[in-house]
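S.K.:
Number of protein chains: 2
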Amino acid sequence: MLNKKASTQKTREKILDTAEHLFSIYGIDGTSVRNITRQAGVDLSLVNYYFNTKDQLFEEVLVRRVAKMSDARIEQLNEFNFNEDKNTAIPKILRRFIEPLIGKNENEVKELSNYRKLIALVANSKLWQDVIFKYHYDPIAEEYIDAIWRLSNNLSREDVCWAFNFFLGSLTNAIAETGRVDRLSYGDACSSDLDTMVNKIVAYSSAAILHMGNIKTTH
Amino acid sequence: MLNKKASTQKTREKILDTAEHLFSIYGIDGTSVRNITRQAGVDLSLVNYYFNTKDQLFEEVLVRRVAKMSDARIEQLNEFNFNEDKNTAIPKILRRFIEPLIGKNENEVKELSNYRKLIALVANSKLWQDVIFKYHYDPIAEEYIDAIWRLSNNLSREDVCWAFNFFLGSLTNAIAETGRVDRLSYGDACSSDLDTMVNKIVAYSSAAILHMGNIKTTH
DNA sequence: GTCTATAGCTTGATAGAC
DNA sequence: GTCTATCAAGCTATAGAC
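Chains as they are written, first to last, in the numbering used here: chain A, -15 to 203; chain B, -15 to 203.
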């Protein structure tokens, strides 16, 4: 028999897990509290008991993941060796930024699967900028931008900002695992093969950052 | 006094314009038919009269733009000179792909503004892949992938697919105009300055495609 | 902490007058 | 083609029993 505290933990997390899952597929407005509780197998009123409102439930879904993510990224940065040649340092630092979003082992990769898709879904919307990105993600993004700026000696900070945003756009689209690359490649590439995806995006984005200064864009 | 046909055209397009606008901000589920008709200044029941269902209205919002977009992109490709050096050809072909989404003059840029944001919103969702991208956008994407593959002699088609998807991820995020690059650059960059954005993304993505084959990604 | 029951509102869609 | 009126269903949130 579960005691009160263990039951609370179990119900709370069942709601959070199910909410994260449905939000990541149908969006926040496309997911009703009823659908969440039905699929989680708990009573409708328990969402309001634990989280007050649907909005606060969504906030909790995010907060639950975001602290760990930021800590891991900062740790990766603190341990980073900036004396390395930039041709190898840039790929490394991008990989360090990506890894906490993917996970270190099979379990973690699976655990973060719905979270990744949810982040992808809100990344291209202006609505969630203040709620999510401004406070939770921007401070760490700024650290990485400064680090990359230090490593790439021939770019302005503004250009590094553009570059990092383009990189984030590629990344958020890739973790959405839309299956589009599968179709376009006639099955040769697989959007759910995250190991390969990470290798490809690191190569692509590093090449972009290292060489964008030398491209002529006059048309 | 307007005749019947002119009135129909006017009401239909007022609904389409308003729907496109609200969908692009709040998403499909976050926008009610009532909100659309209220803001458009037309009666609630006219949505069902002209479009039957909300889903079909959304479909019409997309279809209205997509044919022009595809035609322009194919035309750009047909006129393309493939004998040029790849270092200048790659930036050029990427620019050709982007331009129809932005518009040729101030009016077009403004007219397509909401459409761009709507596309950005659905691009990172698996839900809309079949409805929108598979049939409306993939055929043209394949043409551009093959063209880029032809130009970049040292990449596999699979790698070009990954690259083009990363490019599309950057692009869809950029046209969302989330304002994030503004914050991260402390105001030096501006996400609504599309001219600059296009120059930057062309440089970034061309560098990526031209040089990704030479990056070592071992960690 | 979990349940039933329900209030109060918004939703998409339609029937029928003009 | 446009309007009023309305339906049936779904929604978030809450009050109160256990």
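Glycine included, every Cβ here is placed at the ideal spot set by N, Cα and C.
As the structure is a prediction and not an experimental result, all values here were calculated from the model.
Compare the C-beta of Ala173(B) with all C-beta atoms of chain A and state if any pair is closer than 7 Å.
M.R.: With 7 Å as the cut-off, Ala173(B) counts as an interface residue toward chain A.
S.K.: Do Asn157(A) and Leu105(B) come within 7 Å of each other at the CB atom, strictly closer than that value?
M.R.: No. Outside cutoff.
S.K.: State yes or no: is the beta carbon of Met196(A) nearer than 7 Å to at least one beta carbon in chain B?
M.R.: It does: the Cβ of Met196(A) has a partner Cβ on chain B nearer than 7 Å.
S.K.: In its own chain, which residues sit with a C-beta less than 7 Å from the C-beta of Asp166(A), not counting the 5 before and 5 after it?
M.R.: So the list reads Ala173, Cys174 and Ser175, once near-sequence residues are dropped.
S.K.: When the Cα atoms are used, what is the spatial distance from Lys76(A) to Leu96(A)?
M.R.: Each residue's Cα considered, the two are about 22 Å apart.
S.K.: Given the structure, does Gly87(B) come close to the ligand HEM, in the sense that its CB is under 6 Å from one of the ligand's heavy atoms?
M.R.: Summarising the ligand content, the structure contains no ligands, and the ligand HEM is consequently not present.
S.K.: Using a C-beta to C-beta distance shorter than 7 Å, which residues of chain A count as neighbours of Val165(B)?
M.R.: Here the neighbours are Cys145, Trp146 and Asn149.
S.K.: The alpha helix (DSSP H) spanning Tyr128(A) covers which residue range?
M.R.: Unbroken alpha helix (DSSP H) run through Tyr128(A): Asp122 to Leu135.
S.K.: Spatial neighbours of Phe151(B) within its chain, please: CB distance less than 6 Å, with the 5 preceding and 5 following residues excluded, ordered by chain position.
M.R.: The answer, listed in chain order, is Ser189.
S.K.: Among the residues of its own chain, which have a CB less than 7 Å from the CB of Arg141(A), if the five just before and after it don't count?
M.R.: If we look at Arg141(A) and ignore the five residues flanking it on each side, its Cβ neighbours are Trp133.
S.K.: For the segment 71 to 100 of chain A, enumerate the residues whose C-beta is nearer than 7 Å to any C-beta of chain B, in chain order.
M.R.: Of all residues in the segment 71 to 100 of chain A, Thr72, Pro75, Lys76 and Arg79 have a Cβ within less than 7 Å of some Cβ in chain B.
S.K.: At what residues does the alpha helix (DSSP H) containing Asp179(B) begin and finish?
M.R.: Run containing Asp179(B): Leu178 to His195, per the alpha helix (DSSP H) assignment.
S.K.: What's the C-alpha gap between Arg100(A) and Val45(A)?
M.R.: Cα to Cα, Arg100(A) sits roughly 12 Å from Val45(A).
S.K.: If contacts are defined as beta-carbon pairs under 8 Å, then Gly11(B) and Gly153(A) qualify, I think. What distance do you get, rounded to the angstrom?
M.R.: Their Cβ separation, rounded to whole angstroms, is 19 Å, which puts Gly11(B) and Gly153(A) out of contact at 8 Å.
S.K.: So does the segment 116 to 126 of chain B actually touch the segment 120 to 128 of chain A, counting three or more Cβ pairs closer than 8 Å?
M.R.: No: the two stretches stay apart, fewer than three of their Cβ pairs being nearer than 8 Å.
S.K.: Using a 10 Å radius around the Cβ and a threshold of 16 neighbouring Cβ atoms, would you call Glu59(A) buried or exposed?
M.R.: With fewer than 16 other Cβ atoms within 10 Å, it is exposed.
S.K.: Considering only residues of the same chain and omitting the five flanking positions on each side of Ile82(B), which have a CB-CB separation below 8 Å?
M.R.: Answer for Ile82(B): Leu155, Val182, Ile185 and Val186, listed in chain order.
S.K.: Going by DSSP in three states, Cys145(B) sits in which element: helix, strand or coil?
M.R.: Helix, per DSSP.
S.K.: I need the DSSP call for Gln119(A), collapsed to helix, strand or coil.
M.R.: Note on identity: in this sequence residue 119(A) is Tyr, with Gln being the wrong assignment. Helix at Tyr119(A).
S.K.: Taking Leu30(A) as the reference, which of Glu(-3)(A), Ser8(A) and Gly14(A) has the closest Cα?
M.R.: Measuring from the Cα of Leu30(A), the nearest candidate turns out to be Glu(-3)(A).
S.K.: Mind listing the chain B neighbours of Arg141(A)? Cutoff is C-beta to C-beta under 8 Å, in chain order.
M.R.: Within chain B, the residues near Arg141(A) are Ser169 and Asp172.
S.K.: Closest to Lys38(A) by CA distance: which of Asn198(A), Asp27(A), Val50(A) and Ala3(A) is it?
M.R.: Of the candidates Asn198(A), Asp27(A), Val50(A) and Ala3(A), the one whose C-alpha sits nearest the C-alpha of Lys38(A) is Ala3(A).
S.K.: Compare the C-beta of Gly14(B) against all C-beta atoms of chain A and say whether one is closer than 7 Å.
M.R.: Gly14(B) counts as touching chain A.
S.K.: Secondary structure at Ser8(A), three-state DSSP: helix, strand or coil?
M.R.: Correct three-state label for Ser8(A): helix.
S.K.: Reducing DSSP to helix, strand and coil, say where Phe151(B) ends up.
M.R.: Residue state, collapsed to three classes: helix.
S.K.: So which residues on chain B does Gln113(A) lean against when the C-beta distance must stay under 7 Å?
M.R.: By Cβ distance, chain B contributes Thr162, Gly163 and Arg164.
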